[in-house]
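Sequence positions in the sequence shown follow the working numbering and run 18 to 487.
By construction, the Cβ of each residue, glycine as well, lies at the ideal position given by its N, Cα and C atoms.
Quick caveat: nothing in here was measured; it's all calculated off a predicted structure.
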Amino acid sequence: MKTVIINEKDNVGVNLDGDDKIPAGHKFALTDIAEGEYVIKYGEIIGKATQNILKGDWVHTHNVKSHLDENVAYRYEFNANIPEKTALTFQGYKREKGRAGIRNEIYIIPTVGCVNNVCIRLAKEAQSYVQGSIDGIYALPHQFGCSQLGEDNENIKKLLCAIALNPNASFVLIVGLGCENNGLDGMKEYLAPYGRENIAYFNCQEVEDEHAYGMSILKNFADKAKDLKRETVDLSELCIGLKCGGSDGYSGLTANPLVGKISDRVVGAGGSAILTEVPEMFGAEQLLMNKCKNAEVFEKYKKMIEDFKAYYTTQGFPVYENPSPGNKKGGITTLEEKSLGCIEKAGSSEIVDVLAYGEMLGKNENEGGVYALNAPGNDLIAATALAASGAQIVLFTTGRGTPFSTFVPTMKISTNDRLAGMKQGWIDFNAYGMDENGLFDLILKTVNGEYKCKSEDVREIAFYKTGVTL
């Protein structure tokens, strides 16, 4: 049996190959664990034994339960590394305002789901305009934009505007209907301070032929975009989004810590990394709090955690309403275990700030570092939020596999050999061998336009909706 013990404090190990007794990626007891005693993995408590467990026994949901304390008191003890500074560059599309893009794309964004079909038809027929350096013309349909109230309506506007401002978009066409809550006037007002001249708008109810009108705009955009050239850009302009989905028992051993090393390298070069999935920080949040660069950031991070816990409890759900059935099948027993593996993606660098949902990174030279972003763990919602905050690429680790992609390149990084071999049409990189240089090189090739992620032709967006729909 090929096994691994992660931390000298652990009383469980991981069976890497699997056998008749213990599935691959699942835990086994290193010593006898009495009922009521803590189960330790990553050097941290991941749960409590619900019955006596003998040395060598399979350790999982049948004999362990969460020990998550919903009312834990947090403290601040700084414990983060400052990565070694390096000077790196990439080939990107410089923008007059904002960070450089890693793609030369044209987005078609509906203000409301009622005009989804208009946007999809425009994108389909505009494919004939894709030439020169244009990487693609994409419609980004969604189901909202009307009948939402208050914070929901504001968040939808903020997210759509943030998508329009992503560095990968050379030009953006925003299509409205004309009678929706999330109208063009509100979006124009929100975007006005950014002074972008690469965005056009129209309401379908206000033009005679919405298709001809939209195609004329897209033709003009494409004529300009086709001649754009990549230029040498400092890596400090790169922002990576960090996401995991369909986690398994290997996630915290291979893909997530490997991505953490990449995150440290990007931060060391002055770039940024964004970590989200707040519910998948529960049980490991204190470790991230100790990475906050100062007490002010710690307080912002603590408030984000406490507010998200309150969101759960006011809805009548415990904060440990996780892991998913797929996570459990892959070897994850409790939320604490999942979270301790999840946060490995952030590496060892300090957290420099906390972003609200829909909040974007700027372009100041002192803004490099790891950011914590307030968003849920849902794959599509979290990945959309990461890209909306300014990530030009999302690094997506997975032990179960998924074919989706948000509206920026979404690189799938498998945790194990089986998935990488079976789903070669989904997986861009197999992290099981922990090849840090190999992954970093592939990311640079992707950023430089030399590699296209397997799922890059798929473009999906989703919103974090919490309120009433009329």
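{"Asked": "CB contact flag (Pro393, Tyr481, <8 Å)", "Found": "yes"}
{"Asked": "Local Cβ density within 10 Å of Cys136, reported as buried at 16 or more and exposed below that", "Found": "buried"}
{"Asked": "8 Å Cβ cutoff met for Pro420 and Val475", "Found": "yes"}
{"Asked": "contact_flag[the segment 345 to 362, the segment 64 to 84] where n(CB pairs < 8 Å) is 3 or more", "Found": "yes"}
{"Asked": "Pro340 - DSSP class collapsed to helix/strand/coil", "Found": "coil"}
{"Asked": "Runs of alpha helix (DSSP H) lying entirely within the segment 324 to 402, each at least 4 residues, in chain order", "Found": "342 to 346, 352 to 359"}
{"Asked": "Alpha-carbon to alpha-carbon, Ile99 and Val283", "Found": "12 Å"}
{"Asked": "Reference Glu142, options Ser233, Ala404, Thr103, Gly162, closest by Cα", "Found": "Ser233"}
{"Asked": "Other residues of its chain near Cys163: CB distance less than 6 Å, five sequence neighbours each side excluded", "Found": "Val129, Glu197, Asn198"}
{"Asked": "Distance, Gly287 Cα to Glu382 Cα", "Found": "The pLDDT assigned to Glu382 is 46, lower than 50, so where the model puts this residue is not dependable; a value taken from the coordinates is nonetheless given after this. Near 8 Å, if we compare the C-alpha coordinates of Gly287 and Glu382."}
{"Asked": "Segment limits, alpha helix (DSSP H) that includes Pro127", "Found": "Unbroken run through Pro127 is the beta strand (DSSP E), 122 to 127; no alpha helix (DSSP H)."}
{"Asked": "Beta-carbon proximity check, Leu245 vs Tyr59, cutoff 8 Å", "Found": "no"}
{"Asked": "Integer Cβ distance of Asp265 from Gly416, believed to fall under 8 Å", "Found": "3 Å"}
{"Asked": "Test item: CB-CB of Leu139 and His228 under 8 Å", "Found": "yes"}
{"Asked": "Residues of its chain near Leu378, where Cβ-Cβ distance is below 8 Å and the 5 sequence neighbours each way are ignored", "Found": "Arg116, Cys256, Ser289, Ile291, Leu372, Glu384, Tyr388, Ser406, Gly407"}
{"Asked": "DSSP-derived helix/strand/coil call for Gln68", "Found": "coil"}
{"Asked": "Endpoints, beta strand (DSSP E) assigned at Tyr155", "Found": "153 to 156"}
{"Asked": "Per-residue burial, Tyr211 [other beta carbons within 10 Å of its own, 16 or more giving buried]", "Found": "exposed"}
{"Asked": "Start-end ranges of the beta strand (DSSP E) lying completely within the segment 31 to 89, minimum 3 residues", "Found": "44 to 46, 55 to 58, 61 to 66"}
{"Asked": "Span separating the alpha-carbon of Ile62 from that of Cys221", "Found": "56 Å"}
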